[in-house]
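Undergrad: Pasting a structure below so you can have a look.
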Amino acid sequence: MSSQKPFIPPPEPLNKSKDHYKFQGQPYKHLEIEINLTSLKTLATAILLGVPYFGLIYVFLSGGAKVIAISLVVVGILIGGSIALLYYLNRQEPVKAPSNQKKRH
Numbered sequence: 022m023s024s025q026k027p028f029i030p031p032p033e034p035l036n037k038s039k040d041h042y043k044f045q046g047q048p049y050k051h052l053e054i055e056i057n058l059t060s061l062k063t064l065a066t067a068i069l070l071g072v073p074y075f076g077l078i079y080v081f082l083s084g085g086a087k088v089i090a091i092s093l094v095v096v097g098i099l100i101g102g103s104i105a106l107l108y109y110l111n112r113q114e115p116v117k118a119p120s121n122q123k124k125r126h
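Just so you know, we're using the numbering used here here: the sequence shown kicks off at 22 and counts up by one.
Below is the structure:
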């Protein structure tokens, strides 16, 4: 006995109009927010994040779990170092006037 495969017609698009697959609508507008970190905001963020973190390290040190406390210190150093590296790599250098041009008065 030979089993025959059923005949399946090729798929057709639901909407056969020419404009069916064209994009419609407006282009997406990206939301860009400028965050200006002043020294006061940076200090407040460091205090709000640092005090509980140091408290957690103190709790683990006083409880005898020195491995966890040391790992918290290492993680803090790694996170701080990566943030500092990203800040260093993305800094904007001030634009300097060309030194070969005479100043006009």
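Note that beta-carbon positions come from the ideal geometry of N, C-alpha and C, so glycine has one too.
How many Å lie between residue 85 and residue 75 at the Cα?
TA: Their Cα atoms are separated by approximately 16 Å.
Undergrad: If you draw a straight line from the C-alpha of residue 110 to the C-alpha of residue 100, how long is it?
TA: Rounded to whole angstroms, residue 110 to residue 100 spans 15 Å at the Cα level.
Undergrad: Report, in whole angstroms, the separation of the C-beta atoms of residue 78 and residue 93, which I expect to be a contact under 8 Å.
TA: 5 Å
Undergrad: Is residue 50 helix, strand or coil when you go by DSSP?
TA: coil
Undergrad: Of all the alpha helix (DSSP H) runs that stay within the bounds of the region 57 to 92, which reach a length of 4 or more residues?
TA: 60 to 84
Undergrad: Taking residue 81 and residue 67 to be in contact with their CB atoms under 8 Å, please state how far apart those CB atoms are, rounded to whole angstroms.
TA: With 8 Å as the limit, residue 81 and residue 67 do not qualify as a contact, their Cβ atoms being about 21 Å apart.
Undergrad: Nearest-angstrom Cα distance between residue 73 and residue 47?
TA: 46 Å
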